[in-house]
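2 protein chains.
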Amino acid sequence: MPGGRPRAFDLDAALDRALEVFWRQGYEGTSLSDLTAAMGINRPSLYAAFGTKEELFRRVLDRYVEGPGGFAAEALAAPRAREVVEKLLTGAIALTTTPGRPRGCLNVRHAQACGPESESVRQGVVARKLADQAGLRRRLEEAKATGDLPADSDPDQLARFVTTLTDGIAVQAAAGATPEQLHRVVELALRAWPDGDAAGR
Amino acid sequence: MPGGRPRAFDLDAALDRALEVFWRQGYEGTSLSDLTAAMGINRPSLYAAFGTKEELFRRVLDRYVEGPGGFAAEALAAPRAREVVEKLLTGAIALTTTPGRPRGCLNVRHAQACGPESESVRQGVVARKLADQAGLRRRLEEAKATGDLPADSDPDQLARFVTTLTDGIAVQAAAGATPEQLHRVVELALRAWPDGDAAGR
DNA sequence: CAAGTACCATACCGATAGGTACAAAACTTG
DNA sequence: CAAGTTTTGTACCTATCGGTATGGTACTTG
Numbered sequence: 000m001p002g003g004r005p006r007a008f009d010l011d012a013a014l015d016r017a018l019e020v021f022w023r024q025g026y027e028g029t030s031l032s033d034l035t036a037a038m039g040i041n042r043p044s045l046y047a048a049f050g051t052k053e054e055l056f057r058r059v060l061d062r063y064v065e066g067p068g069g070f071a072a073e074a075l076a077a078p079r080a081r082e083v084v085e086k087l088l089t090g091a092i093a094l095t096t097t098p099g100r101p102r103g104c105l106n107v108r109h110a111q112a113c114g115p116e117s118e119s120v121r122q123g124v125v126a127r128k129l130a131d132q133a134g135l136r137r138r139l140e141e142a143k144a145t146g147d148l149p150a151d152s153d154p155d156q157l158a159r160f161v162t163t164l165t166d167g168i169a170v171q172a173a174a175g176a177t178p179e180q181l182h183r184v185v186e187l188a189l190r191a192w193p194d195g196d197a198a199g200r
Numbered sequence: 000m001p002g003g004r005p006r007a008f009d010l011d012a013a014l015d016r017a018l019e020v021f022w023r024q025g026y027e028g029t030s031l032s033d034l035t036a037a038m039g040i041n042r043p044s045l046y047a048a049f050g051t052k053e054e055l056f057r058r059v060l061d062r063y064v065e066g067p068g069g070f071a072a073e074a075l076a077a078p079r080a081r082e083v084v085e086k087l088l089t090g091a092i093a094l095t096t097t098p099g100r101p102r103g104c105l106n107v108r109h110a111q112a113c114g115p116e117s118e119s120v121r122q123g124v125v126a127r128k129l130a131d132q133a134g135l136r137r138r139l140e141e142a143k144a145t146g147d148l149p150a151d152s153d154p155d156q157l158a159r160f161v162t163t164l165t166d167g168i169a170v171q172a173a174a175g176a177t178p179e180q181l182h183r184v185v186e187l188a189l190r191a192w193p194d195g196d197a198a199g200r
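Residue numbers (numbering that gives the first Met the number 0), protein chains in the order written: chain A, 0 to 200; chain B, 0 to 200.
Okay, structure coming up:
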């Protein structure tokens, strides 16, 4: 029975434009006008397709982890724990310093202080971040169980160590650090990794 | 010649209130009404005493580094490089997780993505962060020159490593990490420090 | 090609943003 | 205590915020 006028824009393309703006300007620094201008649609269309600004942002977060943040899921699938963390760290550098896209990390940015009106958004981002960190911890627990990590190692500590580094990398990138500089930081940091100095100095 | 009605509030106390609000809510998430309410003064008084919102924020940044951020300058004065970085890292944990104050770091938060209207604020914060990092690098260069760090060590890399960790600590704190968890991260990270495993595993 | 349906565009909503005009109030100086 | 100076409180400014009502438009279905 239904039919209706067809949508004149592509949903995913519009979502990508919104992601770009939120990534570059932050949730609070982005207005509906910024969004509609970047997405090439007008306000009612945005509302009909994505709901409120906050709902749109949540959909953008999904797109972020599926797209630019997809390296993380791939990294967890690496055979050895050391590889997992190397891929996470180098992936974080690429994510946050690739030319032509905003610097820094959408999640890291939005896990931090914001006005009361955006607090629910922040909470959602924090929850995602904690879930990611827990996923890494489980991966490292598995590695420990199979002997891929020493018996006296602490997966929770190790996972938090890696996440602290990726968080720091995102901040450094936002402040202008180059990928080369960050790769050297990672190289140094990995000397603390419990399977010894496998990447060698 | 001059005289005039005396100011009915304390400048530094008002600045501290403003710091608290900016720290908790971020520059963009804080309105003039939030500020005047917290400072206990009205709008024209705020303007007369501190200028625009942006000028007030810059004064708050100064107060931040002199007050809560003061540990950093003290850390640089420690006799050995290892002590310097230990104090910086543990100080960062205390700064960002002390109960009763906002979680996270004012500088780290504001070095990241924001709307175009706040971009000049962000640039200022980034400049401060880079200056701090350069200060640490010079301190480590000095340590290397005096043999306190190995001859093959790289002060720039080491300074960036430590700053990446403090940045990451701030993000972790904002996401709810406890001081204990972060101390264990620091303990692990210090195994990568070039003077060896001085803090022991 | 008539009926039904979903989308698009303009124009608008109340609320709030940062910032200020103005006059009353509280002080110092002569 | 009069003149001059600075702060305070109220009331208001324009611009923009996120969100929506409305009516025309383009399509699918029968």
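Glycine residues also receive a C-beta, built at the ideal position from the N, C-alpha and C atoms.
- By alpha-carbon distance to residue 182/B, the top candidate from 48/B, 92/B and 52/B is 92/B.
- Among the residues facing chain A, residue 164/B is included, as its CB has a counterpart in that chain under 8 Å away.
- Fewer than three beta-carbon pairs drawn from the region 70-84 of chain A and the region 36-50 of chain A are found closer than 8 Å, and the two stretches are therefore not classed as touching.
- Contact of residue 27/A with chain B is assigned, a C-beta pair being separated by under 8 Å.
- Distance from the CA atom of residue 152/A to the CA atom of residue 115/B, rounded to whole angstroms, is 45 Å.
- For the pair residue 156/B and residue 170/A, the CB atoms are not nearer than the 8 Å cut-off.
- At the C-beta level, residue 94/B and residue 68/B come within 8 Å of one another.
- Burial state of residue 5/B is exposed, judged by a 10 Å Cβ sphere holding fewer than 16 other Cβ atoms.
- At a C-beta separation below 8 Å, residue 160/A has these neighbours in chain B: 184, 187 and 188.
- Residues of the region 82-114 of chain A with a C-beta atom less than 7 Å from some C-beta of chain B are 101, 103, 107, 108, 110, 111, 112, 113 and 114, listed in chain order.
- Inclusion of residue 34/B and residue 7/B in the CB contact set at 8 Å is not warranted, their separation being larger than that value.
- Distances from the CA of residue 19/B to each of 48/B, 55/B and 134/B were compared; the closest alpha carbon is that of 55/B.
- Burial state of residue 154/B is buried, judged by a 10 Å Cβ sphere holding 16 or more other Cβ atoms.
- For residue 161/B, the closest of 63/B, 13/B and 135/B by C-alpha to C-alpha distance is 135/B.
- Under the DSSP assignment, residue 63/A falls in the alpha helix (DSSP H) whose first and last residues are 52-65.
- Residue 128/B belongs to the set of residues whose beta carbon lies under 8 Å from a beta carbon in chain A.
- With contacts defined as CB atoms closer than 8 Å, residue 110/A and residue 128/A qualify as a contacting pair.
- Residue 58/B is positioned such that its CB atom lies no closer than 8 Å to that of residue 31/B.
- About 11 Å separates the beta carbons of residue 192/A and residue 83/A, which is beyond the 8 Å limit, so they are not a contact pair.
- With respect to residue 105/A, residue 21/A sits close: the two C-beta atoms are nearer than 8 Å.
- The Cβ atoms of residue 190/A and residue 81/B do not sit closer than 8 Å to each other.
- When rounded, the separation of the alpha-carbon atoms in residue 37/A and residue 149/B is 52 Å.
- The residues 95, 169, 172 and 173, in chain order, have a CB closer than 6 Å to that of residue 103/B in the same chain once the five nearest residues on each side in sequence are set aside.
- Not one beta carbon of chain B lies nearer than 8 Å to the beta carbon of residue 122/A.
- Per DSSP, the continuous alpha helix (DSSP H) segment holding residue 70/B begins and ends at 70-75.
- Taking 8 Å as the cut-off, the Cβ atoms of residue 60/B and residue 124/B count as close.
- For residue 129/A, the three-state secondary structure derived from DSSP is helix.
- Per DSSP, residue 194/A lies in no alpha helix (DSSP H) segment and is marked neither H nor E.
- Cβ contact annotation for residue 187/A (same chain, cutoff 6 Å, sequence separation greater than five): none.
- In the three-state reduction of the DSSP assignment, residue 169/B falls in the helix class.
- Chain-ordered, the chain B residues with CB closer than 8 Å to the CB of residue 23/A read 112.
- When the Cα atoms are used, residue 23/B and residue 120/A turn out to be separated by approximately 15 Å.
- In this structure residue 28/B is in contact with residue 27/A, their Cβ atoms being roughly 6 Å apart against a cut-off of 8 Å.
- Taking C-beta atoms under 8 Å as the contact rule, residue 108/B and residue 25/B qualify, at a distance of about 6 Å.
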